[in-house]
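4 is the number of the first residue of the first sequence in my numbering; add one for each residue after it. These notes are about the structure you will find just below.
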Amino acid sequence: MIFKIEKKLKDGLGRVGIITTPHGDILTPAFVAVGTKATVKSLNPEQVRDAGTQVVLGNTYHLYLQPGDEIVRDAGGIGNFMNWRRNDGGIAPTMTDSGGFQVFSLGAAYGKDISKITKITDPSLLIPERFDDSDAPRLAKIGQDGVSFKSHLDGSIHYITPEKSIQIQHNLGADIIFAFDECTSPTEDSKYQGEALERTHRWAERSLREHQKLLTQKQKHSQDLLLRNVDRSSASVSDPALFGIVQGGREESLRKQSAKIISEINVEGKYFDGFGIGGSFAKEDMSTAVKWVNEILPEDKPRHLLGIGEPEDLFMGIENGVDLFDCVLPTRLGRNGTIYTKKGKIIITNAKFRNDLGPIEDDCGCYVCSAPEDFFSGSLSVSADTALPLGSSACETPRKETSGTPRYSRAYIAHLFHGKEMLAGTLASIHNLYFIVNLVKKIRQSILDDKFFEFKEEFLKGYLR
RNA sequence: GCGUCGGUGGUAGAGUGGUCAAUUACAACAGACUGUAAAUCUGUCGCCUUCGGGCUACGAAGGUUCGAAUCCUUCCCGACGCA
Numbered sequence: 004m005i006f007k008i009e010k011k012l013k014d015g016l017g018r019v020g021i022i023t024t025p026h027g028d029i030l031t032p033a034f035v036a037v038g039t040k041a042t043v044k045s046l047n048p049e050q051v052r053d054a055g056t057q058v059v060l061g062n063t064y065h066l067y068l069q070p071g072d073e074i075v076r077d078a079g080g081i082g083n084f085m086n087w088r089r090n091d092g093g094i095a096p097t098m099t100d101s102g103g104f105q106v107f108s109l110g111a112a113y114g115k116d117i118s119k120i121t122k123i124t125d126p127s128l129l130i131p132e133r134f135d136d137s138d139a140p141r142l143a144k145i146g147q148d149g150v151s152f153k154s155h156l157d158g159s160i161h162y163i164t165p166e167k168s169i170q171i172q173h174n175l176g177a178d179i180i181f182a183f184d185e186c187t188s189p190t191e192d193s194k195y196q197g198e199a200l201e202r203t204h205r206w207a208e209r210s211l212r213e214h215q216k217l218l219t220q221k222q223k224h225s226q227d228l229l230l231r232n233v234d235r236s237s238a239s240v241s242d243p244a245l246f247g248i249v250q251g252g253r254e255e256s257l258r259k260q261s262a263k264i265i266s267e268i269n270v271e272g273k274y275f276d277g278f279g280i281g282g283s284f285a286k287e288d289m290s291t292a293v294k295w296v297n298e299i300l301p302e303d304k305p306r307h308l309l310g311i312g313e314p315e316d317l318f319m320g321i322e323n324g325v326d327l328f329d330c331v332l333p334t335r336l337g338r339n340g341t342i343y344t345k346k347g348k349i350i351i352t353n354a355k356f357r358n359d360l361g362p363i364e365d366d367c368g369c370y371v372c373s374a375p376e377d378f379f380s381g382s383l384s385v386s387a388d389t390a391l392p393l394g395s396s397a398c399e400t401p402r403k404e405t406s407g408t409p410r411y412s413r414a415y416i417a418h419l420f421h422g423k424e425m426l427a428g429t430l431a432s433i434h435n436l437y438f439i440v441n442l443v444k445k446i447r448q449s450i451l452d453d454k455f456f457e458f459k460e461e462f463l464k465g466y467l468r
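And the structure:
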């Protein structure tokens with residue numbers, strides 16, 4: 004993996020770049036579609052690609068349980084297994100998460116109304132005593148060496164260590180993989196955040212060590228094959244890049260400490276190839292946390308803000324030096340009937356949309372909103388590389404005069420949701436994914452055009468109204 | 001005409017003397033969702049309310065009872081059976 008910075012934001016840490024992976028380039032900043040179980044829920048790979056997506060992220064924990072990482076390995080890696088392809092037909096870039104998030108979602112957050120984003124206005128969540136619930140049922144239990152998971156599928160127990168996570172991820176064969184970490188709950192107190200952070204740092208080092216070990220083994224194996232005159236190209240999937248993960252909850256000192264340690268960790272001179280910023284935030288101080296971290300992380304390596312993806316968060320992250328985002332929101336909200344528009348989110352099942360025959364957005368170029376002839380004639384650009392209409396300013400939404408009738412109306416999509424039709428979630432997800440992926444592309448373009456701050460102000464004025 | 005069973009909130013369908021403004025499901029309405037235990041979950045769902053409560057309700061009208069959706073009488077309506 005190679006990361007090249009093309010242009011930097013004048014005021015701020017932001018940058019535009021290109022990540023070159025064994026399966027193609029990723030123009031950054033980029034939004035990564037989440038495909039936990041080797042599928043972006045409700046979408047086929049062509050729909051994901053046509054929404055402008057460049058990379059898909061799968062999950063170690065889920066794919067290890069089902070169908071099993073060895074099957075994915077034997078299928079030629081996750082990209083091949085799920086038939087995730089670029090426009091030119093080649094396998095497209097993929098990443099896998101380490102299972103660290105499941106330490107949180109199946110552990111401290113299990114069965115509770117806790118999300119990784121805290122509302123600072125809810126101080127009751129932050130009283131540690133209230134959360135002394137160590138006996139509460141949970142599917143993930145943390146030990147010093149690793150985490151035991153009780154499968155949510157069949158109840159079987161699985162012990163995941165950093166080494167195990169990396170082994171699984173090597174089998175899954177994504178281009179970018181992550182160190183095994185502990186994503187802490189925002190409700191944990193500062194003492195616990197400190198302990199968890201130390202654990203995450205130890206696990207990071209072990210992840211990197213295992214990664215290097217597996218790469219060396221693989222190298223040796225290919226050399227053997229070469230010596231025996233075996234075609235090397237069929238030997239294995241390409242080498243993955245390993246990202247370390249910065250944690251530290253909401254505290255400045257812990258965040259800064261983590262950024263420093265994670266960027267300095269090395270095994271025999273080999274460092275992490277990039278960095279994930281993980282963990283829990285209060286919405287209100289996420290930007291400062293990201294800034295603290297990115298001021299410390301080495302500039303020449305990509306940074307991925309894990310699991311973040313509301314429009315305002317994307318502007319914040321990019322301004323503060325984030326290159327990659329992934330988030331379940333476009334697809335989860337889509338399946339649940341919430342749809343992104345430039346004027347904010349709408350809940351399409353609301354009564355007022357039942358007879359609304361207009362498109363979700365009349366100037367949207369996605370498959371759902373555009374008129375059939377516009378989409379298929381290519382007058383709306385939808386290729387993965389140029390989802391922005393060429394020559395248009397990133398700050399202006401290209402006003403596309405469609406033929407009047409959208410392919411699918413609000414009323415129709417509302418009808419599909421009310422009727423519980425599968426297509427409902429699909430259409431809403433296509434639009435939402437296009438909306439978010441292309442927002443990031445527009446932000447990228449706005450930096451290239453030296454119009455980032457204007458674009459940010461204009462967009463958020465309409466969106467957060 | 002006689003007999004039997006039945007008529008409950010938008011719908012289906014519980015309840016069969018007090019704990020019933022009435023279980024539940026669906027529908028409806030509103031909301032939540034940030035490295036996916038998620039095509040999921042939550043709230044409201046007779047009228048009024050100073051949120052304490054008040055009022056009108058279980059086909060209709062009477063009655064029994066301290067108290068009735070629940071028991072009795074008559075009537076109306078429906079299904080089935082016999083003429």
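All C-beta atoms, glycine included, are put in the ideal place defined by N, C-alpha and C.
Residue i, DSSP secondary structure in three states
i    : result
G103 : helix
T203 : helix
N62  : strand
E255 : helix
M289 : helix
N269 : strand
F152 : strand
H307 : strand
G110 : helix
R52  : helix
T219 : helix
K454 : coil
R141 : coil
L229 : helix
R470 : For residue 470 there is no data in the structure shown, the boundaries of the chain being 4 and 468.
K403 : Since pLDDT at K403 reaches only 47, below the 50 mark, its modelled position is unreliable, and the value read off the structure follows with that caveat. Correct three-state label for K403: coil.
G197 : helix
First and last residue of the uninterrupted beta strand (DSSP E) at residue i
i    : result
L245 : 244–249
V35  : 33–37
A431 : A431 -> not in any beta strand (DSSP E); alpha helix (DSSP H) instead, spanning 425–451.
F181 : 179–181
Bounding residues of the alpha helix (DSSP H) (the contiguous stretch that carries residue i)
i    : result
T334 : 332–338
Y343 : Element bounds for Y343: not the alpha helix (DSSP H) but the beta strand (DSSP E), 341–344.
I163 : Not the alpha helix (DSSP H): I163 falls in the beta strand (DSSP E), residues 160–163.
G312 : Element bounds for G312: n/a, residue is neither H nor E.
G82  : 81–84
I74  : 72–77
Beta-bridge pairing of residue i - partner residues as DSSP gives them
i    : result
Y466 : Y466 is not bridged to any residue.
R18  : K11
K348 : Y343
T121 : A285
D157 : BP columns for D157 are empty, so no partner.
L30  : I21
Y274 : N269
T97  : V59
I5   : T23
Expected contact under 8 Å - CB spacing of residue i and residue j to nearest Å
i    : j    : result
L16  : E298 : 7 Å
A417 : F356 : 4 Å
T187 : S283 : 6 Å
Q172 : T99  : 5 Å
L175 : I81  : 5 Å
A36  : V51  : 6 Å
F246 : G277 : 4 Å
V249 : I265 : 5 Å
G500 : F328 : Here the chain comprises residues numbered 4 to 468, so residue 500 is not present and cannot be evaluated.
Any non-hydrogen atom of the ligand PLP closer than 6 Å to residue i Cβ
i   : result
R52 : With respect to the ligand PLP, the structure offers nothing, as it holds no ligand at all.
*For the 8 Å Cβ check, are there 3 or more pairs between the segment 136–153 and the segment 337–348?*
no
Three or more beta-carbon pairs under 8 Å between the segment 314–330 and the segment 287–304, yes or no? yes
Within 8 Å, do at least three Cβ pairs link the segment 68–80 to the segment 110–118? With the cut-off at 8 Å, the segment 110–118 and the segment 68–80 do not touch.
- Below 8 Å, can you find three or more Cβ-Cβ pairs linking the segment 81–88 to the segment 30–43? yes
| request: Indicate whether the contact test is met: 3 or more Cβ pairs, each with one atom in the segment 47–65 and one in the segment 215–231, closer than 8 Å. | output: no
Mind the definition here: the segment 357–370 touches the segment 442–451 only if three or more C-beta pairs lie below 8 Å; say whether that holds.
-> no
Quick check: the segment 196–211 against the segment 163–171, are at least 3 beta-carbon pairs closer than 8 Å? yes
Report yes or no: do the segment 190–203 and the segment 256–275 share at least 3 C-beta pairs separated by less than 8 Å?
yes
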